[in-house]
Each structure stands twice: as C-alpha cells, then as structure tokens.
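*Asks:* Heads up: the sequence shown begins at 7 in my numbering, then just goes up one per residue. Below is a structure I'd like to ask you about.
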Amino acid sequence: MDALPSSATSDAEETLDPSDWSDVRTLAHRMVDDSIGYLRDVRKRPVWQEMPDEVRTAFEEPLPRFPTPLNAVYCQVTENLMPYPMGNIHPRFWSWYMGSSNFTGALADFLAAVQGSNLGGGNHAAASMDNQVVNWCKEMMGFPPSASGTLVSGGSMANLIALIVARNVKAGVDVREDGVGAIEKPLRFYASDQVHSCHRKAMEALGLGNKALRRILTDAELRIDVTALRAAIAQDRAAGFQPACLIATAGTVNTGAIDGLEALANLAAEEALWLHVDGCIGALLAIAPANAYRVSGIARADSVALDPHKWLHAPFEVGCVLVRDSSAHRGAFAVSQEYLESTPRGLASAAWLHEYGLQTTRGFRALKVWMALKENGAEKFGRLIDQNIAQARYLTRLIEQEPLFELVAPTSINIVCFRYRPERLGKGALKALNIEIMLRLQEEGIAVLSDTTVHGEHCLRVAVNNHRTRREDLDMLVTETLRLGALLERQLGAI
Ligand SMILES: *Cc1c(COP(=O)(O)O)cnc(C)c1O
C-alpha cells in the first residue's frame, strides 16, 4: 500500500484567518471606536456631500491581485467611503422612504456574520431566532400563530412573495406545473393609482403582465375609491376576466395615504378575492398607541408585507411577508430535493426555511431585528412611530402658517407634501424653483428631501421616518427653505 502523504510535508495550507489575531483585535477595536464616534457625531456632519474627483477615481481601481495590510484597507474605507454616505442615518434626511438604522442593529449584523449561519434552514439557534422574529411580526400584526412568514430582503420581495401565493391560489390551475398559459380566464389584480412600483415589477415577473394590475382612482385623501373599485371588478367579470387579488396600501409612498382596510376586507370577502396589504410604510402603525386605529382591519388580510428596515430602523436589508394560510404559502415554493432531505435527528431535522420564498441560502437577518426589539421593547418603537407622526403634523402646521408655502396633499401620517409658492409664478417655473431649492438643501448639506407629483401638482416631499429627527430640525428646514426660496427668486428673477 502506498504511504499516505504526510500532512507535515505538504505545502503550507492557506486560510483567510489572520496569522496574528492580536493585530486584528487592535484594529477591530478601533473600528468599533470609530463607529461610535461616527454615529455620535452624525448631527454635526452634512447630511450629504458630493464626492471629490480623487474619491471617485479610487473606485475605478482594477481588481487587486496581491495583498494589502488590513490597516491600509481600513484607511481607504475611512477616507473614501465613510464621509460620503447616502445620508439616511442623519436626523435631517427625509427623502424617499427609508429607516435611519441603529447601532445595536449594526452590531447585530456584525455578530450575525461572525456566527455565520445560513438561514436556508436547519436545526440551529439562528433558525429558531428567525422563526421567533417572524412570530413577533405576526403578533404585531394580529395574525394568528398558524400563519406563516419569512424574512426577505425588503418590501419589494415581501410583496412579490405574497403576490405569487395569491396568483397560485386564485389561478384555478396548477401554475407551478403548467405555467400561467394554462390559466383559463386572465387574472386581474387591483390597487390604487398610488401603488408602489414594485407591484408592477411583480406583475411582470409573475408572467401576468403590467396590464393585469388595474390602477383604481383615488379620492381627495389619496385612498382607493372603493366605488370605482367595485365597478372595475364588475366590468372585468362581465368582460371574461378573473378578478383575483386586491392590493391595499397601508401608507402610500407618495403621501402616506392608508386605504380603507375594513372596507377592502369586506369587499374581498364578498368577491372571493385575495386581500394583500402592502404595509411597507404603515403596517407597523399597529404597534403605535396613538395611530394603530389607522390600520384596523389589517389582521383580516390574507397576506401582509412589512418592512423592518423602515419603521423599526433595522440596518438594510430586512423585509417580512406574512401569509395567513401557511399551507398555501409553502405550497407556492416548497420543492423536495434529494440533497435536502430531512433527517430524524441532527442539523437537518428542522423545517427548511427556504420553502417559504425564492432564495435558498438566506442571510441571518433576524438578529438585528431581535436584538433591537429586545433592547428597546416593541412599545418604544410604537412611541417612535407616534413621534414621527406628531413631528409631521408639526411641520404641516408650520407650512400652513407660512403664506409662502402651500400644502399640496393632506398629511395622513408622516409624509408632508408642500411647495414654496410665491405669487406670479407659472407651473413650470414653480417646479423649477422647488427642484432648485431641494438641490441646494442637499448640496449645502442642510437636509435631504425628495419631490413628487400628487394629482398633477409637483411638490417637495418630507418623509419623517427617522428616530433622530427633532422638531428643531423641522424648524431649520422651514427657515432654510424660505431663505433659499427668496434667494433663488432674486437670482432667477426671470424664470
Ligand atoms: C418601500 C416600499 C416598498 C418597497 O420596499 P423595499 O424595502 O424598498 O424593497 C413597497 N411598497 C411601499 C408602499 C413602500 O413604501
């Protein structure tokens, strides 16, 4: 018999572990110290700043083929990356719609990566924690323990997962086996004209096409017009379509409007439609004592999408989808694979979590939600939601009191739509002026807002989804907007 090769004589084997853990310890401690300073002083820095050319070109360097000491690598991060963030952790970031993160969540993401588990499933503590966080989401939404759910990358994926289940349940054929071509009557989904764009992408990915999602007109409060919705459903039935699913929005991205969930739940029951609630913004109102009434009825939905990286301020990414009928949920995704068979004991003896969505390998997203919920308690998160809504109301009052401002949509929860409106300006000039104000606010590092168009009117949009915002920040926004408005009016006099 040939002698086995001796491990002692083989070439030195490599690893990614450091050769000297004590050096790494010192550097890692410095990273933590720097991070604490970074977050502590966030208010003193500009919300956003343009990258200088040297920084831009640093990101054009080709693939590094040989090593650089970690100290030097970290230096590049502190110089080129950390000073130029998107800005959403800053107290005066109110653009689009995102959360402002939290330090505990950041530590959790670090620990999750160190612990390293794959949340595709299995019998281990991270999987139990993932289940627990899904259970807590059910509890917050008033969903029954028998419901299922899964943590995903965000609201877009949460909505997609729910709409796949809805399609499969309502198709009347085995879509998984036979495809959408086998569906007898074309399916129709319904949402308001304020629906988030991820639903369009979902309809396209579902193979149903964008036109299968009917956008229903909204009322003056930007909520779906239920009478128009009823009429559309009747019209579709008469024309040979199969109405399948209502997508209610609890908190639209434009203005924060919340569709009438009780009325939609009644209608869905009458018409035998799947009721999905896109609660990426507003589902978590359910835990806010002063505002929970706004989403009453959410627990009647067949599925809900919520976004812990918005109003729970988890670091990106984490979204969650809940499905009342767990067998329909699993039935849409489970595939038995010979290499993933369960065993009676050991690591493969627990349910596979990848049977509730599209991913196989899943990151350990639960820990950042779990640690922050444990540390603060759900009630504090509820109070912070109420606080943002009170702040948005405060800003709304400041706007109403200022003759040079105009409120463009009613403030429902935490999104304020307004514009600077001096007399004499036509619509085009008004839009140009407001966009310029928005850009100057960004470029001067004062505040980051976005803009939108509501029922044909262009406006600036302030989404207060931020646990660091104080009323003084909103006072500053008003003062600075007025200053820039007056300045630009003079400079651009002729626009
Ligand atoms: C943010 C949002 C989404 C998309 O969620 P992501 O987490 O960005 O993927 C969907 N719907 C609404 C109403 C949203 O506000």
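For every residue, glycine included, the Cβ atom is placed at its ideal position computed from N, Cα and C.
1) Pairing CB atoms from the segment 393 to 411 with CB atoms from the segment 451 to 458, are three or more of them under 8 Å?
2) Rounded to whole angstroms, what is the Cα-Cα separation between Asp47 and Met92?
3) With three or more beta-carbon pairs closer than 8 Å as the criterion, would you say the segment 186 to 200 touches the segment 343 to 361?
4) Below 8 Å on the Cβ atoms is my contact criterion, and I expect Ile264 with Val310 to pass it. Report the Cβ-Cβ distance as a whole number of Å.
5) So, Leu328 versus Cys143, is the Cβ gap smaller than 8 Å?
6) Tell me whether Cys204 counts as near ligand 1, meaning its Cβ is closer than 7 Å to at least one heavy atom of that ligand.
7) What residue from Leu45, Leu431, Trp54 and Met146 has the CA that sits closest to Met444's CA?
8) Any chance the CB of His464 is under 7 Å from a heavy atom of ligand 1?
9) What does a CB cutoff of less than 7 Å around Ala500 pick up in its chain, not counting 5 residues either side in sequence?
10) When you compare the CB positions of Phe339 and Glu323, do they come within less than 8 Å of one another, or not?
11) In its own chain, which residues sit with a C-beta less than 7 Å from the C-beta of Leu390, not counting the 5 before and 5 after it?
12) Of all the options Ile293, Leu117, Tyr400 and Leu22, which has the alpha carbon lying nearest to the alpha carbon of Pro75?
13) Name the two residues that bound the continuous beta strand (DSSP E) containing Cys423.
14) Drop a sphere of 10 angstroms on the beta-carbon of Gly178, count the other beta-carbons inside from all chains shown, and report buried for 16 or more, exposed for fewer.
15) Could you have a look at Ile253 and say whether DSSP puts it in helix, strand or coil?
16) Does the contact criterion of 3 or more C-beta pairs under 8 Å hold for the segment 268 to 276 versus the segment 202 to 219?
17) From the DSSP output, read off the bridge partner residues of Val375.
18) Would you mind working out which of Leu480, Leu447, Asp481 and Val470 sits nearest Gly491, comparing C-alpha positions?
19) Can you tell me whether Ala118 is buried or exposed? The criterion is at least 16 other CB atoms within 10 Å of its CB, across all chains shown.
20) Cα separation between Val30 and Glu67?
21) How many angstroms separate the CA atom of Ser203 from the CA atom of Thr255?
22) Does the beta-carbon of Pro151 have 16 or more other beta-carbons within 10 angstroms, so that it is buried, or is it exposed?
23) Compute every distance between the C-beta of Ile222 and the non-hydrogen atoms of ligand 1, then say whether any falls below 7 Å.
24) Taking only the alpha-carbon atoms, compute the straight-line gap between Asp331 and Phe99 and give it to the nearest angstrom.
25) Between which residues of its own chain and Ala354 is the CB-CB distance below 8 Å, once the five residues before and five after are set aside?
26) Closer than 7 Å: is that where the CB of Asn394 sits relative to any heavy atom of ligand 1?
27) Pull up the distance between the alpha-carbon of Ile222 and that of Ala197, whole angstroms please.
28) From this set, Glu478, His461 and Tyr426, which residue's C-alpha is nearest Glu495's C-alpha?
29) Under a three-way DSSP split, which group does Ala500 fall into?
30) Can you tell me which of Met104, Glu19, Ile441 and Pro24 puts its alpha carbon nearest to the alpha carbon of Val259?
31) Shorter than 7 Å, the distance from the beta carbon of Ile287 to the closest heavy atom of ligand 1, or not?
32) Taking all protein chains shown into account, decide if Val155 is buried (16 or more other Cβ within 10 angstroms of its Cβ) or exposed.
33) Within 10 angstroms of its Cβ, does Pro314 collect 16 or more other Cβ (buried), or is it exposed?
34) Is it buried or exposed for Thr367, if we count other Cβ within 10 angstroms and need 16 for buried?
35) Return the first residue and the last residue of the alpha helix (DSSP H) that Tyr44 is part of.
36) With 16 as the cutoff for other CB atoms within 10 Å, does Gly432 come out buried or exposed?
*Replies:* So, from the listed chains and residues:
1) no
2) 16 Å
3) no
4) At roughly 13 Å, the Cβ-Cβ gap does not stay under 8 Å, so Ile264 and Val310 are not in contact.
5) yes
6) Under cutoff, so the answer is yes.
7) With distances taken between Cα atoms, Met444 lies closest to Trp54.
8) no
9) With a pLDDT of 47 at Ala500, under the threshold of 50, the modelled position of this residue cannot be trusted; read the value that follows with caution. Within the same chain, Ala500 has no close Cβ partners at all.
10) No, these two residues do not count as a Cβ contact at 8 Å.
11) His473
12) Distance check between Pro75 and each of Ile293, Leu117, Tyr400 and Leu22 places Leu22 closest, using alpha-carbon atoms only.
13) Ile421 to Tyr426
14) exposed
15) Three-state DSSP puts Ile253 in a strand.
16) no
17) Residue pairing by DSSP places Val375 in no beta bridge whatsoever.
18) Leu447
19) buried
20) 25 Å
21) 12 Å
22) exposed
23) no
24) Roughly 38 Å between the two C-alpha positions.
25) Gly128, Asn129, Leu346, Glu347 and Ser348
26) no
27) Using only the alpha carbons, I get a separation of about 6 Å.
28) When each option's Cα is compared against that of Glu495, the closest is Tyr426.
29) Any reading at Ala500 is ruled out, since the residue's pLDDT is 47, under 50, leaving its predicted position unreliable.
30) Met104
31) True, at least one ligand heavy atom lies under 7 Å from that Cβ.
32) The displayed chain sequence assigns Gly, not Val, to residue 155. By the 10 Å Cβ count, Gly155 comes out buried.
33) buried
34) Classification for Thr367: exposed.
35) Trp27 to Arg46
36) exposed
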